[in-house]
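The numbering of the sequence shown is my numbering, which starts it at 2 and goes up by one.
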Amino acid sequence: MRRSPDTGTYWMQGLARKGTVPWGNNASYVVFRNVRDYGAVGDGVTDDTKAINNALMSGGRCGEKCNGSTTKNAIVYFPPGKYLISSSVLMPFGTQVIGDAINRPTLVASKSFVGLGVLSTDVYTGGNGGAEEYYINTANFYRQIRNVAIDITGAGVNISCLHYQVAQATSLQNVELIASTDPAKNQIGMFAENGSGGQISDVTFTGGNIGFYGGSQQFTAQRLVFRNCNIGVHIIWDWGWLWKSVAMTNVGVGFRLAVVDSTGNIGSVSIMDSSFSSIHTAAVIIVPPSETVGSGSTGVVLENVALSGVTATVVDTAGKVYLDGSSSVVRSWVLGTTYEGNTTARGFSHGGPVGDYRRNLGLLDSNGAYFERAKPQYEDKSVGDFIHIKDLGAKGDGSTDDTAAFQSAIYASMGKILFVDAGSYILTSTITIPSGVKIVGETWSQLVASGPYFQNQRAPQVLIKVGNEGSIGNVEMQDLLFTSRGPTEGLILVEWNMQAASPGSAGLWDCHARLGGATGTQLTPAECPASTSGIDEGCNAASLMMRLTSKASGYFENMWLWGADHMIE
2 MRRSPDTGTY
12 WMQGLARKGT
22 VPWGNNASYV
32 VFRNVRDYGA
42 VGDGVTDDTK
52 AINNALMSGG
62 RCGEKCNGST
72 TKNAIVYFPP
82 GKYLISSSVL
92 MPFGTQVIGD
102 AINRPTLVAS
112 KSFVGLGVLS
122 TDVYTGGNGG
132 AEEYYINTAN
142 FYRQIRNVAI
152 DITGAGVNIS
162 CLHYQVAQAT
172 SLQNVELIAS
182 TDPAKNQIGM
192 FAENGSGGQI
202 SDVTFTGGNI
212 GFYGGSQQFT
222 AQRLVFRNCN
232 IGVHIIWDWG
242 WLWKSVAMTN
252 VGVGFRLAVV
262 DSTGNIGSVS
272 IMDSSFSSIH
282 TAAVIIVPPS
292 ETVGSGSTGV
302 VLENVALSGV
312 TATVVDTAGK
322 VYLDGSSSVV
332 RSWVLGTTYE
342 GNTTARGFSH
352 GGPVGDYRRN
362 LGLLDSNGAY
372 FERAKPQYED
382 KSVGDFIHIK
392 DLGAKGDGST
402 DDTAAFQSAI
412 YASMGKILFV
422 DAGSYILTST
432 ITIPSGVKIV
442 GETWSQLVAS
452 GPYFQNQRAP
462 QVLIKVGNEG
472 SIGNVEMQDL
482 LFTSRGPTEG
492 LILVEWNMQA
502 ASPGSAGLWD
512 CHARLGGATG
522 TQLTPAECPA
532 STSGIDEGCN
542 AASLMMRLTS
552 KASGYFENMW
562 LWGADHMIE
């Protein structure tokens, strides 16, 4: 395909592509897709909708009535430019939409735009809010959006920049959502009405009647900026939601924690290391709380929250003030059900500090906030700073034993960044990761434990060993999937021995552990049907997913673990 000119310099655009479908069952399938190769122009005038949809959907991807896939992941890459879009662009299951991290592209909704969001991770097929969708919202896994801006200011009413109905193993990073400040348009930055979410980080919400509107079983959201929104965040339901490093400026209401009609409660939220400035109505609005068991009263935790120009901090929908705006910093404040110490006795706080809780100084940064570090994207690196594992002898075809080649590649990559091309790498013994190693996967490259070495549950063996006990150093790993093939009841997927030489210098980002159920694992319902009378010994997948040794330390952001007897030890 002929590519339109672009000016991107980010390494991801120029890197050679050697990745293949996991288990090597489709050599013609394209893992990395540059939208320019599919006809997108990116001039802000040409309608690029069809071209972008072609980039997303080509190759028989997992769309309508598919529900889920573990084999047809793809990266859809946007070079710098402005991409005009006239209707919702669907992200199929297993998609990573990634833009140039140096010169971020903008997706612009046209004046006649039709759809729920410019990018959409799920689609209603019947035209009604309760209609059937492409994917089950709580199982809508494996999504990633990075390095894009979405602008809907020139479009019409009741639309969103992003329809983000997702579940686990999902992440959002370095994204700006720009909506109109005209209340008559009722535009929303992110519409996330359902799911069981993953990680949202480094997102800026500019304008909009609501910045973030939605509900989910669980989510972690950090390093978010809200500017000039009528409502920053409106949560309509949840189990628990952590909001970390949120900065709101010139916002009417910071957090509105109530169902749509403002009469029902949500679950709970924790807001920490955050700031509210020039908040016109209240930082947090809740439904009137109740300490009656079973009433479903909303829980609110504020911790290390700075206030400036805040009319009221916490109020309810009836107008009662629980925390005014007079303090400059709220160190610790709790409203809702409490359980102190090791007791199971239930208490209830009507607002204020609980117990003698203190922050662990070893977990804090120089400003007293809990330490965090954004996923490295290596913007200062060039293509020459990367080395392909498939150039060093590993096949990743799901059948070749790649153990020796993989370990050799680890050592050969020192001083560079090891790029683990998409595929399934069969590993039949322990792989050791020494200090100084940096690894980048491609659409969750699969590292697969297999064989008798991992089959003795009385003497478990490690697949990926990060350092040796007592090691001090630096390791960075991202976009990998730790998994297994066949019976491996003596498997420990990851053993983390490394103690970080400095805060955040040893970490994992968007790395996941998955055992059984997926194509290639030989532990699907076909091999391991449901049983009500004991366990099929040939269907035991692992002893432990991750072991942290006593002197180890690490930074782990958005790591999901599915399917072992024990997850973390």
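From the three backbone atoms N, C-alpha and C, an ideal C-beta is built for every residue, glycine too.
Tell me whether the beta-carbon of residue i lies closer than 8 Å to the beta-carbon of residue j.
i           : j           : result
residue 369 : residue 457 : no
residue 39  : residue 56  : yes
residue 447 : residue 472 : no
residue 233 : residue 268 : no
residue 494 : residue 546 : yes
residue 490 : residue 436 : no
residue 311 : residue 336 : no
residue 524 : residue 563 : no
residue 154 : residue 180 : yes
residue 408 : residue 427 : no
residue 480 : residue 445 : yes
residue 71  : residue 401 : no
residue 443 : residue 20  : yes
What is the DSSP secondary structure of residue i, reduced to helix, strand or coil?
i           : result
residue 195 : coil
residue 42  : coil
residue 409 : helix
residue 249 : strand
residue 212 : strand
residue 516 : coil
residue 458 : coil
residue 8   : coil
residue 183 : coil
residue 63  : coil
residue 570 : With a pLDDT of 49 at residue 570, under the threshold of 50, the predicted position of this residue should be treated as unreliable, though the coordinate-derived value follows. Looking at residue 570 - three-state DSSP - the assignment turns out to be coil, as it is neither helix nor strand.
residue 175 : strand
residue 274 : strand
residue 561 : coil
residue 550 : coil
residue 239 : strand
residue 346 : coil
residue 105 : coil
Would you mind working out which of the options sits nearest residue i, comparing C-alpha positions?
i           : options               : result
residue 125 : 84, 108 and 64        : 64
residue 228 : 216, 217, 210 and 245 : 210
residue 198 : 177, 178, 181 and 220 : 220
residue 272 : 244, 434 and 259      : 244
residue 157 : 110, 215 and 384      : 110
residue 254 : 286, 362 and 239      : 286
residue 470 : 417, 434, 492 and 487 : 434
residue 112 : 106, 86, 288 and 321  : 86
residue 386 : 397, 362, 419 and 403 : 419
residue 314 : 288, 280 and 381      : 280
residue 225 : 274, 440, 189 and 182 : 274
residue 355 : 23, 303 and 363       : 303
residue 441 : 207, 362, 290 and 388 : 388
Note down the Cα distance separating residue i from residue j, rounded to an integer number of angstroms.
i           : j           : result
residue 309 : residue 283 : 12 Å
residue 142 : residue 97  : 11 Å
residue 373 : residue 186 : 36 Å
residue 10  : residue 551 : 43 Å
residue 100 : residue 80  : 6 Å
residue 353 : residue 148 : 39 Å
residue 450 : residue 483 : 8 Å
residue 393 : residue 410 : 6 Å
residue 375 : residue 151 : 21 Å
residue 203 : residue 175 : 5 Å
residue 555 : residue 509 : 8 Å
residue 365 : residue 371 : 4 Å
residue 399 : residue 51  : 34 Å
residue 561 : residue 512 : 7 Å
residue 570 : residue 476 : At residue 570, the pLDDT of 49 sits below 50, so the modelled position is not reliable; the number obtained from the coordinates is stated separately. Computed Cα separation, rounded: 20 Å.
residue 496 : residue 341 : 32 Å
residue 422 : residue 332 : 46 Å
residue 200 : residue 328 : 30 Å
residue 581 : residue 358 : Here the chain comprises residues numbered 2 to 570, so residue 581 is not present and cannot be evaluated.
residue 146 : residue 167 : 12 Å
residue 391 : residue 531 : 38 Å
residue 74  : residue 60  : 10 Å
residue 383 : residue 12  : 5 Å
Quick one: measure Cβ to Cβ for residue i and residue j, integer angstroms, because I've assumed they're closer than 8 Å.
i           : j           : result
residue 43  : residue 82  : 3 Å
residue 1   : residue 191 : Examination of residue 1 is not possible in this model, given that the chain is present from 2 through 570 alone.
residue 138 : residue 123 : 7 Å
residue 89  : residue 118 : 6 Å
residue 33  : residue 78  : 7 Å
For the ligand SAH, any of its heavy atoms closer than 7 Å to the Cβ of residue i?
i           : result
residue 381 : Although the ligand SAH was asked about, the structure shown includes no ligands whatsoever.
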